[in-house]
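Q:
Residue numbers (our numbering), protein chains in the order written: chain X, 1 to 636; chain D, 1 to 636.
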């Protein structure tokens with residue numbers, strides 16, 4: 001159905017559903033949404049059922065938006081809000097959602113902002129047109145989120161134009177010719193790093209993830225330079241499963257080389273992704289390396305983000321619908337489920353999954369309305385890849401810390417800023433609270449604090465217990481005074497020289513650059529110290545070499561190679577992993593509902609992909625495939 | 001190595017090999033050849049070893065060409081030749097090969113053209129510069145060949161420009177980055193018809209075959225509209241294994257949509273291909289169907305042909321060398337062997353093969369210097385696909401003919417113009433010569449006579465016996481007076497009305513249009529007559545329906561559907577096939593030297609591909625793959 005037909009259908013449906021008292025001023029296709037503009041926005045708000053009926057009748061996403069004539073300009077609106085709300089409410093942020101005509105007011109004392117029986121809010125509404133919403137300020141303010149909101153406010157018109165262009169493309173007429181569904185492996189197949197997959201049909205071309213292999217000597221890019229991917233302008237959209245660099249690191253590069261379509265991702269993934277991309281640039285610049293893109297391209301990426309929540313089914317092209325489901329791996333991580341054609345085929349790409357409830361997240365979802373083809377990560381797919389239980393890991397960490405501190409040593413834990421850091425923080429806070437380890441300082445370097453802040457801004461993406469603990473019981477482990485933020489070179493140097501025992505969490509997680517390198521250099525030569533790996537170390541990274549027992553390694557300092565002798569104790573705590581171990585992967589497949597026709601392996605070293613494929617085939621009698629990068633499979 | 005480097009290397013080598021008495025006037029890269037221009041062309045001609053040494057030293061094709069200043073313009077040269085050579089020599093054609101500076105003079109009495117001790121030739125050489133070569137006129141003149149030669153004479157300059165452009169492209173510098181070798185199935189996989197394969201490396205993109213599925217209701221084109229193939233300008237070259245429409249029918253379409261690179265094929269394939277493409281247009285126009293291209297695109301294709309003989313190894317891109325080997329299927333049919341990189345990988349695509357010596361050709365070659373991947377046709381790969389021996393088939397045909405003639409019936413044999421026609425002609429001539437069947441007329445309709453003429457123009461592509469029989473013993477079966485050419489509708493109509501028993505060979509071979517349709521309509525309702533299939537009938541064709549025993553079929557007459565009841569006797573003589581049967585395919589694989597690492601199936605219905613793949617895997621312990629159209633496999 002094309003734009004005209006859709007709008008006709010909407011008008012027809014509106015006549016039967018919406019009471020004549022509600023005035024519809026405009027209907028537009030904006031990105032995947034059918035946007036209905038009205039001057040009577042409250043009547044919709046008071047009658048949720050109308051929206052539900054519209055969405056069901058149209059089988060599309062419907063968004064009710066206030067007629068633009070009602071809304072005053074955002075800067076003026078902000079001034080008005082700050083005038084009306086008393087200072088004691090302590091506003092920490094004000095941000096506008098032009099899509100919904102809402103303005104969110106973050107305040108430390110929400111009650112004072114709302115006023116008696118909502119009187120202050122009513123006053124605001126009357127003066128600015130925007131619907132005010134008061135929310136409690138997140139426990140830790142995030143610079144990233146504030147900047148993204150600020151930036152988006154400057155590009156409201158541009159974004160509206162962009163969304164309408166995309167809307168027309170999604171709702172275009174397509175021919176009845178034989179359709180097909182293909183997958184092209186562009187990166188991250190039979191390897192870990194640079195994840196990138198193309199899903200193509202006769203009418204659509206969707207890229208899923210666009211990561212960088214941070215352990216690669218060369219540029220570590222997926223095969224973007226092949227005819228299947230070029231020209232980038234011909235991609236319909238990019239879907240990002242989660243924010244880690246090996247899945248999203250090169251998204252800005254796409255914009256550098258001409259892509260200008262949407263990026264579909266969850267809201268936390270958008271923010272985390274930008275944070276990690278900026279950090280990637282920073283680390284590269286710090287090491288004097290050439291960067292594959294500039295910060296302007298990160299902003300372009302942000303401008304083109306269309307966020308979707310778990311479970312929202314959305315038309316992303318003329319013949320593909322996308323639904324994200326929780327993947328359990330990091331904040332906002334998602335399994336991407338694609339429904340192609342009218343029941344032609346269903347493909348799900350897991351991204352990275354944790355099929356176990358962790359300290360932070362619920363276990364990955366593995367129920368789908370339909371599913372013929374599954375692409376599953378295989379990081380720990382080898383026949384020996386069993387991880388200890390999370391509780392055992394905490395005990396192991398406790399033992400390591402106690403032993404090291406008793407020798408007056410320091411503990412260095414290299415972490416991804418996102419995911420492992422927060423898990424380890426929760427465990428350390430608990431161990432100290434229960435006096436199981438001495439109360440030493442836990443220093444957080446790199447982006448860890450900022451990533452933690454983003455976690456607290458999206459409580460609905462955390463598991464129930466943690467959410468309850470933070471928001472209902474007011475016991476936020478992240479706010480414990482054991483944590484000390486290190487945010488400059490001076491503090492870092494001082495910490496390195498400090499003889500007192502302590503615990504340091506620093507990025508990057510695989511020792512390919514970042515602040516962890518300074519601590520590593522300072523601490524490696526002293527056998528009192530301990531080095532603890534809590535995450536996956538990819539082939540080719542310095543982390544992998546150290547984990548494998550190297551006695552001396554070469555690193556670069558200001559562009560020059562230097563040798564570092566390794567005397568400190570090296571330990572690995574596997575149970576903190578955000579990846580499913582082999583047993584969890586097999587359980588994930590076993591419990592899949594429905595059972596797919598075929599399972600493809602990705603995101604694992606070659607032997608692990610082959611090993612897992614063969615076991616799944618034998619155990620569950622499902623066709624398995626282990627494509628190589630640059631191969632294309634056809635499902636229909 | 002780039003153009004500059006190559007030319008430097010040539011100059012250096014020339015100094016050490018060529019005596020200073022020989023003056024080199026220019027060195028150019030022309031298509032795959034290194035062309036060395038000289039004013040002393042005879043000295044080269046007298047010393048073959050110099051060229052051999054140059055070619056070996058450079059590891060490239062070397063062509064010695066006369067300096068253009070020596071050659072007079074072709075029209076004037078032709079006038080001079082005709083003046084000098086006496087009329088009694090009976091010149092039938094004169095054609096110029098600007099590449100070699102030769103002019104070929106076809107004459108019925110070659111001796112008279114040469115003159116005493118070559119005196120006439122010497123005189124010609126002196127007056128026109130071109131080196132004259134006298135050849136005996138082929139027994140049957142071919143209009144196709146005459147027209148192609150005539151056309152090429154009008155585009156000599158254009159072709160030189162084209163060849164130099166291609167030369168520069170082939171000898172360009174390439175980077176040392178990781179290379180890869182991939183195959184994309186664009187048509188003719190798990191099906192018969194529209195054969196089309198892409199071989200891609202980091203530096204090259206080669207299309208092998210570009211056929212049309214003549215049995216298809218829709219356009220029957222390979223998947224040319226996918227990103228892997230587009231834009232067509234980005235293809236480095238097209239390689240054609242043989243002339244049949246299911247392998248070469250849509251080559252002109254490539255030129256219609258912007259391709260302007262070379263087509264590599266054997267000399268007979270070029271001529272046969274043009275003939276069949278023209279006939280394809282003619283048939284389509286005759287039936288009022290839309291044609292996918294025009295005759296101007298066929299001419300474009302001819303202009304871009306670079307012919308290679310069996311066994312000539314040729315650089316076709318910066319990292320691929322091609323060698324054609326005899327495939328035994330039809331005149332000029334070839335197995336295409338690709339050597340990628342400097343020993344990186346070797347792939348051979350069989351095209352259609354006959355692994356048995358036939359009345360016309362030697363058996364397909366299956367020895368290669370190196371071979372890791374083989375793509376083999378599977379037309380008769382099913383476990384029941386055994387053909388009778390050729391002699392048995394001749395006996396079967398004899399029986400059928402005798403039975404039909406004894407009932408005063410006619411025999412209609414639908415044939416491909418190229419291949420099966422000539423085999424059946426040889427057998428019929430022999431049966432009549434030996435009085436094993438009555439001497440009735442054998443009518444040839446469609447392009448059969450013309451195709452036969454092309455066969456006699458390329459005796460070096462026929463098997464030894466036939467060549468000896470025709471050219472040494474002077475017994476040309478094709479010239480027997482039993483054969484009568486039908487070349488217009490009037491004759492055809494008269495023949496249909498003629499009550500006398502006879503044998504009719506008519507195209508097309510699968511009853512998708514062509515003159516055979518007229519005979520079919522006239523003869524099908526009479527049970528005295530017999531219909532004999534001697535070639536493969538693809539799924540979806542009318543031939544297949546009749547072969548399967550349909551009692552009534554619908555055909556189109558002047559665009560309108562009409563029903564034809566089938567009463568005549570339907571027979572199949574499998575032994576005339578130009579395809580290997582299952583036993584021959586298995587023997588071909590078994591006798592391959594060297595044994596490849598993997599074998600891919602193509603050009604067979606799905607079940608036959610799977611069946612053959614499984615048998616080869618089990619019997620010979622080789623990896624087998626049965627890609628689907630639109631899939632891409634990677635070998636390195």
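Beta carbons are placed, not taken as given, at the ideal position from N, Cα and C, and that holds for glycine.
Could you tell me which of D:243, D:119, D:287 sits nearest to residue 298 (chain D), measuring between CA atoms?
A: Comparing Cα positions, the closest option is D:243.
Q: Kindly list the residues whose CB is nearer than 7 Å to the CB of residue 14 (chain D), restricted to its own chain and excluding five residues on each side of it in sequence; keep chain order.
A: If we look at residue 14 (chain D) and ignore the five residues flanking it on each side, its Cβ neighbours are 24.
Q: Please name the residue in X:633, X:382, X:340 whose C-alpha comes closest to that of residue 369 (chain X).
A: Among X:633, X:382, X:340, the Cα nearest to that of residue 369 (chain X) is on X:340.
Q: Taking its Cβ as the centre, do 16 or more other Cβ atoms sit within 10 Å of residue 561 (chain D), making it buried, or is it exposed?
A: By the 10 Å Cβ count, residue 561 (chain D) comes out exposed.
Q: Using the Cα positions of residue 451 (chain X) and residue 104 (chain X), report the straight-line distance between them to the nearest angstrom.
A: Going by the C-alpha atoms only, they are around 22 Å apart.
Q: Name the one or two DSSP bridge partners that residue 65 (chain X) has.
A: In DSSP, residue 65 (chain X) forms a bridge with X:37.
Q: Helix, strand or coil, according to DSSP, for residue 436 (chain X) in the structure here?
A: In this structure, residue 436 (chain X) counts as coil in the three-state DSSP scheme.
Q: Can you name the residues that DSSP bridges to residue 388 (chain X)?
A: Residue 388 (chain X) pairs with nothing; no bridge assigned.
Q: For a minimum of 3 consecutive residues, which ranges assigned as the beta strand (DSSP E) are wholly contained in the stretch 513 to 600 of chain D?
A: 530 to 533, 552 to 557, 560 to 565, 569 to 572, all fully within the stretch 513 to 600 of chain D.
Q: Quick one: what's got a C-beta closer than 6 Å to residue 184 (chain X)'s C-beta in the same chain, skipping five residues either side?
A: Excluding residues within five positions, the ones whose Cβ falls inside 6 Å are 198, 228, 632.
Q: Using a Cβ cut-off of 7 Å, which residues of the stretch 600 to 634 of chain X contact any Cβ in chain B, in chain order?
A: No chain B is part of this structure, whose protein chains are labelled X and D.
Q: From residue 222 (chain X) to residue 274 (chain X), what does the alpha carbon distance come to, in whole angstroms?
A: Roughly 19 Å separates the two Cα atoms.
Q: Please confirm if residue 184 (chain X) has its CB atom under 8 Å from at least one CB of chain D.
A: At least one chain D Cβ lies under 8 Å of residue 184 (chain X).
Q: Give me the DSSP bridge partner(s) of residue 324 (chain D).
A: Per DSSP, D:336.
Q: Where does residue 89 (chain X) land, buried or exposed, given buried means 16+ other C-beta within 10 angstroms?
A: Residue 89 (chain X) should be labelled buried.
Q: Within the continuous alpha helix (DSSP H) that includes residue 607 (chain D), where are the two ends?
A: Residue 607 (chain D) -> alpha helix (DSSP H) spans 606 to 620.
Q: Just checking: is the beta-carbon of residue 257 (chain D) within a distance shorter than 8 Å of some beta-carbon in chain X?
A: By this cut-off, residue 257 (chain D) is not an interface position.
Q: Is residue 477 (chain D) close to chain X? Criterion is C-beta to C-beta, closer than 8 Å.
A: Judged by the 8 Å Cβ criterion, residue 477 (chain D) is not in contact with chain X.
Q: Listing by chain order, which chain D residues have their CB less than 7 Å from the CB of residue 228 (chain X)?
A: Those within 7 Å of residue 228 (chain X) in chain D are 227, 228.
Q: Kindly say whether residue 280 (chain X), judged by its beta-carbon, lies nearer than 8 Å to any beta-carbon of chain D.
A: Not closer than 8 Å to any Cβ of chain D, the Cβ of residue 280 (chain X) fails to qualify, so no.
Q: Within the chosen definition, does the stretch 584 to 603 of chain D reach the stretch 619 to 628 of chain D through at least 3 CB pairs nearer than 8 Å?
A: Counting Cβ pairs under 8 Å, three or more are found: they touch.
Q: Here's the rule: buried if 16 or more other CB atoms are within 10 angstroms of the residue's CB, otherwise exposed. What is residue 45 (chain X)?
A: Under this definition residue 45 (chain X) is an exposed residue.
Q: Out of X:295, X:314, X:579, which one is the CA nearest neighbour of residue 338 (chain X)?
A: Per the Cα distances, X:314.
Q: How close, in whole Å, do the beta carbons of residue 377 (chain D) and residue 117 (chain D) come, if the pair is a contact with beta carbons under 8 Å?
A: No, residue 377 (chain D) and residue 117 (chain D) are not in contact; Cβ-Cβ is about 52 Å, not under 8 Å.
Q: When DSSP labels each residue in this structure, what does residue 117 (chain D) get in the three-state scheme?
A: Helix.
Q: Which residues in the same chain as residue 547 (chain D) place their Cβ atom closer than 7 Å to its Cβ, once the five residues preceding and following it in sequence are excluded?
A: Here the set comprises 533, 537, 570, 572.
Q: I need the boundaries of the alpha helix (DSSP H) containing residue 245 (chain D), first residue and last residue.
A: Run containing residue 245 (chain D): 245 to 248, per the alpha helix (DSSP H) assignment.
Q: Residue 354 (chain D): buried (16+ other C-beta within 10 angstroms of its C-beta) or exposed?
A: Residue 354 (chain D) comes out buried.
Q: Less than 8 Å between CB atoms is the rule here; does residue 171 (chain X) satisfy it with respect to chain D?
A: With 8 Å as the cut-off, residue 171 (chain X) does not count as an interface residue toward chain D.
Q: For the structure I just gave you, are there three or more beta carbon pairs, one from the stretch 470 to 477 of chain X and one from the stretch 509 to 528 of chain X, closer than 8 Å?
A: Touching, no.
Q: If you compare alpha carbons, which of D:182, D:371, D:397 is closest to residue 343 (chain D)?
A: The residue with the shortest Cα to Cα distance from residue 343 (chain D) is D:371.
Q: According to DSSP, residue 363 (chain X) sits in a beta bridge with which residue or residues?
A: Paired residue(s): none; residue 363 (chain X) is not in a bridge.
Q: Cα separation between residue 307 (chain X) and residue 401 (chain X)?
A: Computed Cα separation, rounded: 41 Å.
Q: Let's see if you can read the secondary structure: which residues bound the beta strand (DSSP E) around residue 97 (chain D)?
A: From DSSP, the beta strand (DSSP E) with residue 97 (chain D) extends over 91 to 97.
Q: I want to verify the contact list: residues of chain D whose CB lies under 7 Å from the CB of residue 180 (chain X), in sequence order.
A: Near residue 180 (chain X) (Cβ distances below 7 Å), the residues of chain D are 630.
Q: Quick one: what does DSSP say residue 150 (chain X) is sitting in, helix, strand or coil?
A: Residue 150 (chain X) falls in the helix class under three-state DSSP.
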